[in-house]
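Asks:
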Ligand code: ATP
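Numbering (the working numbering), first residue to last: 16 to 316.
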């Protein structure tokens, strides 16, 4: 196992941030942690990359105890934290080279890797640019390049694509999949369920410090949802009426959207016949539906 946690627990004063968490991440997989804000994802990651100490429970990374071997573990890790913590007084390339020094990487090797990684992240023409002149997407790509400087076996990414435009998100996804093909293990948190579904072999859904389910995206969808979804965008005035008339169908609501679930698409015929003018989308069930069902706090069946 690359990461193995048993009954992991973290408390900050009176706040229980992580409670009785079991986790197994196998080599070469992309493992996703998802959950609402405050669920405990970042705290879990920080324990794994050895900057927060567990209150109790076991946690091993590369088979090493995080309390006894933080230096050895950190040497084999790459971290993309939630915040952009680049050095604003240095250029793009200098940020990578200074980072290489922490790992004792010789200067000539660091220079070659810096060049190679900036090309890999499509930042080759920005090597000498000062950090404040970079866009948000460039900074995020630079942080990923920095996380690769020590040729890590495991990369930990805390919301790697939050706030980025679709082109940059796709570039980052492509790069992450390429790293996975090279055998590097990825652990990521995200609030984008399409991202988790696209990248992750396994997803753990957390809520209020606890794991509520874990599995591949397909397993989670099969286990919790009927296969078809009719998504309706309903005027607030009509919501109660639609729900009352079709309450026999499995459903959930989120804001102005109503979601009805069925084993076959024909189960929605009466509904679409009764409200032909409502904007609607018929689609297969997704990880987002599972997420809403397990962590949503609005109307449920
Ligand atoms: P988000 O999606 O918003 O990043 P998260 O799932 O990563 O949330 P955490 O940041 O791990 O959640 O927070 C879990 C809980 O622990 C929250 O209640 C948070 O307020 C609390 N917490 C996190 N860090 C600290 C800290 N340093 N001191 C006190 N409480 C903390």
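Note that beta-carbon positions come from the ideal geometry of N, C-alpha and C, so glycine has one too.
Within 10 angstroms of its Cβ, does residue 351 collect 16 or more other Cβ (buried), or is it exposed?
Replies: No information on residue 351 is available, as it lies outside the stretch 16 to 316 that the chain covers here.
Asks: Give a yes or no on contact between the segment 295–308 and the segment 233–242, applying the rule of three or more CB pairs nearer than 8 Å.
Replies: Yes: the two stretches touch, three or more of their Cβ pairs being nearer than 8 Å.
Asks: Could you compute how far the alpha carbon of residue 314 sits from the alpha carbon of residue 302?
Replies: Summary for residue 314: the model assigns pLDDT 40, below 50, so the residue's position carries little reliability; its value from the coordinates is reported in the next sentence. C-alpha separation (whole angstroms): 19 Å.
Asks: Which class does residue 19 belong to by DSSP, given the choice of helix, strand or coil?
Replies: It is a strand residue.
Asks: Quick check on residue 70: does DSSP put it in helix, strand or coil?
Replies: It is coil, neither helix nor strand.
Asks: In the structure shown, what three-state DSSP assignment does residue 77 receive?
Replies: Of the three classes helix, strand and coil, the one that applies to residue 77 here is coil, per DSSP.
Asks: Using a Cβ distance threshold of 8 Å, determine whether the segment 74–85 contacts the segment 124–139, with at least three qualifying pairs required.
Replies: The segment 74–85 is not in contact with the segment 124–139.
Asks: Please work out which residues of its chain come closer than 8 Å, Cβ to Cβ, to residue 109, disregarding the five sequence neighbours upstream and downstream, and give them in chain order.
Replies: Contacts found: 102.
Asks: Within 10 angstroms of the Cβ of residue 52, are there 16 or more other Cβ atoms? Answer buried if so, exposed if not.
Replies: When all chains shown are included, residue 52 counts as exposed.
Asks: May I ask you to check if the CB of residue 46 is nearer than 7 Å to at least one heavy atom of ligand 1?
Replies: Residue 46 Cβ: outside cutoff for every heavy atom of ligand 1.
Asks: What is the C-beta distance between residue 287 and residue 273, in whole angstroms, given that I count them as a contact (C-beta under 8 Å)?
Replies: About 12 Å separates the two Cβ atoms, so there is no contact after all.
Asks: Going by alpha carbons, who is nearest to residue 160 out of 186, 147 and 178?
Replies: Nearest C-alpha to residue 160: 186.
Asks: Between residue 226 and the rest of its own chain, which residues show a CB-CB distance below 6 Å, the 5 nearest in sequence each way excluded?
Replies: Hits under 6 Å: 36 and 219.
Asks: Check each residue's C-beta against every heavy atom of ligand 1 and list, in chain order, those closer than 6 Å.
Replies: Selection output, chain order preserved: 27, 30, 32, 50, 52, 53, 54, 55, 56, 57 and 58.
Asks: May I ask you to report which of helix, strand or coil DSSP gives residue 225?
Replies: Here residue 225 sits in strand by DSSP.
Asks: Apply the 10 Å Cβ neighbour rule to residue 118 and answer buried if 16 or more other Cβ atoms are within range, or exposed otherwise.
Replies: Exposed.
Asks: If you follow the alpha helix (DSSP H) that residue 110 is in, where does it begin and where does it stop?
Replies: Here the alpha helix (DSSP H) through residue 110 covers 107–117.
Asks: Please work out which residues of its chain come closer than 6 Å, Cβ to Cβ, to residue 42, disregarding the five sequence neighbours upstream and downstream, and give them in chain order.
Replies: Excluding residues within five positions, the ones whose Cβ falls inside 6 Å are 17 and 200.
Asks: CA-CA distance, residue 89 and residue 58?
Replies: Those two C-alpha atoms are separated by around 16 Å.
Asks: Below 8 Å between beta carbons: does that hold for residue 297 and residue 280?
Replies: Cβ distance < 8 Å, so residue 297 and residue 280 count as in contact.
Asks: In whole angstroms, what is the alpha-carbon distance linking residue 212 and residue 183?
Replies: Cα to Cα, residue 212 sits roughly 18 Å from residue 183.
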